[in-house]
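> As numbered in this note's numbering, residues 4 to 215 make up the sequence shown, in order. Handing you a structure now.
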Amino acid sequence: METKESVRVQMKDAIDKAIILTARAQSSYGGWTYSPGGGDEGSVTVTQVQALRAAQNAGFNVPPATISEAVRYIERCSTPEGGICYSLSAGGSARLAISAAAVATLYNAGEYDAPVAERCLGYVWERFRAQGGWSKGGGHDFYTQLYASQAFYMAGDKYWDEYFPATRDQLIGVQDKSDGSWNGDGIGKTYGTAIALIILQLPYKFMPVYQR
Numbered sequence: 004m005e006t007k008e009s010v011r012v013q014m015k016d017a018i019d020k021a022i023i024l025t026a027r028a029q030s031s032y033g034g035w036t037y038s039p040g041g042g043d044e045g046s047v048t049v050t051q052v053q054a055l056r057a058a059q060n061a062g063f064n065v066p067p068a069t070i071s072e073a074v075r076y077i078e079r080c081s082t083p084e085g086g087i088c089y090s091l092s093a094g095g096s097a098r099l100a101i102s103a104a105a106v107a108t109l110y111n112a113g114e115y116d117a118p119v120a121e122r123c124l125g126y127v128w129e130r131f132r133a134q135g136g137w138s139k140g141g142g143h144d145f146y147t148q149l150y151a152s153q154a155f156y157m158a159g160d161k162y163w164d165e166y167f168p169a170t171r172d173q174l175i176g177v178q179d180k181s182d183g184s185w186n187g188d189g190i191g192k193t194y195g196t197a198i199a200l201i202i203l204q205l206p207y208k209f210m211p212v213y214q215r
């Protein structure tokens, strides 16, 4: 029969193994992709850094070198305009969604005052203000705002006090009032609703990994 203690032991063992796998799966560039040893790209890299930070916050041992290499990866992906390209190995121009994710990654890694974080935050902020919030053009809006919301929240009131009211109102405006869901980026209601709730709960500080 399982007890709370036995479940706790199983969870600890699983998380310890996940940390080891994540560290081993990191590419030589410092990023991650969808399978171990497969390469690197920004959207997966941010999820791995956030997972490692959450594990570290919970008392697990995370290799410092894994985090520092991830930070270096983002620095190397930076573009002249201040944003972040999709992948170091593939190169290319800056992308708004990946740049927002990069700011969240840097903050999760504790790099709040790093020059690359400040430049990238400025890049994302300028584009948010220029388009008046969400792009209203579909695409990756929910994905972009998932990370932009974290970045602006952790960056402080200067950004958050302008960003959140507009985003909150826009989210409420596109909610499906018949069932309370959001159809995010055309992917589906589970995806969209999960992201909307993560954004809307930020002021309540329910999730430690997203706290200032």
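Cβ atoms here follow ideal geometry from the backbone N, Cα and C, with glycine treated the same way.
What would DSSP say about residue 179, mapped onto helix, strand or coil?
strand
> Would you say the beta carbon of residue 67 is closer than 6 Å to some non-hydrogen atom of the ligand MN?
Here there are no bound small molecules, and the ligand MN is not part of this structure.
> What would DSSP say about residue 78, mapped onto helix, strand or coil?
Helix.
> Can you tell me where the beta strand (DSSP E) with residue 41 in it begins and where it stops?
Neither: residue 41 is in no beta strand (DSSP E) and is coded neither H nor E.
> Which parts of the region 80-122 are runs of the beta strand (DSSP E), unbroken and 3 residues or longer, counting only runs that do not cross its ends?
Whole beta strand (DSSP E) segments, 3+ residues: 88-90 and 94-97.
> Are residue 2 and residue 32 closer than 7 Å when you measure CB to CB?
Shown here, the chain extends from 4 to 215; a query on residue 2 therefore has no answer.
> According to DSSP, is residue 163 helix, strand or coil?
helix
> So, is residue 11 buried or exposed, given that buried needs 16 or more other C-beta atoms within 10 angstroms?
exposed
> Which residues does DSSP list as the beta-bridge partners of residue 3?
Not covered by the structure: residue 3. The range shown for the chain is 4 to 215.
> Please say whether residue 166 and residue 107 have beta carbons closer to each other than 7 Å?
no
> Measure the C-alpha to C-alpha separation of residue 193 and residue 86 and round it to an integer number of angstroms.
29 Å
> Does the separation of the CB atoms of residue 42 and residue 36 fall below 7 Å?
yes
> Suppose the cutoff is 7 Å on Cβ atoms and the five residues either side in sequence are ignored; what does the same chain contact list for residue 104 look like?
45, 46, 49 and 150
> At the level of alpha carbons, what is the spacing between residue 64 and residue 71?
15 Å
> According to DSSP, what are the bridge partners of residue 128?
Its beta-bridge partners do not exist; DSSP assigns none.
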